[in-house]
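Student: All the letters of the sequence shown, read from the start, carry residue numbers 22 to 227 under the numbering used here.
Quick one: this structure, given as structure tokens, is what I'll be asking you about.
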Amino acid sequence: MDTVITRTAKSELTLAAIVDTALEIAANEGLESLSLGEVAKRLNISKSGVFSRVGSREALQQAVLDEFDRRFVEEIFKPAMALPRGLPRLNKMIRNWLQRTNNDVSCLYIAGAFEYDDVLDSPMRDRIKKNILQWRGMLHRTIEQALEEGQLRPDTDPQQLVFELYCLMVGLMHDARFLRDPQALERVQTAYDRLISTYRSFNYHG
């Protein structure tokens, strides 16, 4: 029994290392750069060892997105849910999103959208689009809550604000990843503060 438990624990540990390594590759080089052979090389294990734990290259890509989704929810969404509804949650979501993307250099939702933007029929494109729409839906609901709480101006268009928030994130990705500007995060945080101040209700002082 101890031998079985040890093997299971080792297998789970190896799977976690495989997904972590693949996620790092995808964040730096794109989801299409993933290969079983490259992951095996970086971990100094056999390619068959990677295949036995994740299966095909497509399954590896899906596993990477699963892990990215899990971390995204844990680090961005859940901490915001502990705050009062509306603008406090929105501020927390955006600041966490900016900080996480700056630290990881790449957000797979945004990077993946550009990577697959001209691919018409792809499970990866469909998966990324679904995730993006879910995340934008969360932002939209939070903005609507802020309107209900009187924290934003009554004429606020939630869809327009979500679009502008995404533009800020694309700007961060561009300057942090492509230009390697060390001030990218600070600039985007300043831009967010300025943007949200134009939407904030004069009666809200939170």
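All residues carry an ideal CB built from backbone N, CA and C; glycine is no exception.
Note that the structure is a prediction, hence the values are computed from the model and not measured.
1. What residues match up with R14 in a beta bridge as DSSP calls it?
2. By the three-class DSSP mapping on this structure, what secondary structure does P144 have?
3. I need the boundaries of the alpha helix (DSSP H) containing L57, first residue and last residue.
4. Within 10 angstroms of the Cβ of V94, are there 16 or more other Cβ atoms? Answer buried if so, exposed if not.
5. Say yes only if the C-beta of A43 is nearer than 6 Å to one or more non-hydrogen atoms of the ligand ATP, and no if none qualify.
6. Expressed to the nearest angstrom, what Euclidean distance is found between the alpha-carbon atoms of D147 and Q204?
7. If distances are taken between C-alpha atoms only, which option among R121, E136, I217 and Q172 comes closest to P105?
8. Based on Cα-Cα distance, which residue from L168, Y130, I97 and S222 lies nearest to M114?
9. Does the Cβ-Cβ distance between L64 and L81 come in under 7 Å?
10. Taking the alpha-carbon positions, what's the E165 to S127 distance?
11. For T163, does the count of other Cβ atoms within 10 angstroms reach 16, so buried, or fall short, so exposed?
12. Is it true that the CB of S222 sits closer than 7 Å to the CB of R274?
13. What are the start and end residues of the alpha helix (DSSP H) that includes I131?
14. Quick check: what's the CA-CA separation for D139 versus N112?
15. Using the Cβ count rule (16 or more neighbours within 10 Å means buried), how would you classify R201?
16. Quick one: grab the DSSP three-state call for A103.
17. What's the C-alpha gap between E59 and I217?
Tutor: In brief:
1. This structure does not reach residue 14, given that the chain is present from 22 up to 227, and the question cannot be answered.
2. helix
3. L57 to L64
4. exposed
5. This structure lacks the ligand ATP; in fact it carries no ligand of any kind.
6. 33 Å
7. Q172
8. I97
9. no
10. 28 Å
11. buried
12. This structure cannot speak to residue 274, because the chain is shown only from 22 to 227.
13. L129 to E136
14. 33 Å
15. exposed
16. coil
17. 43 Å
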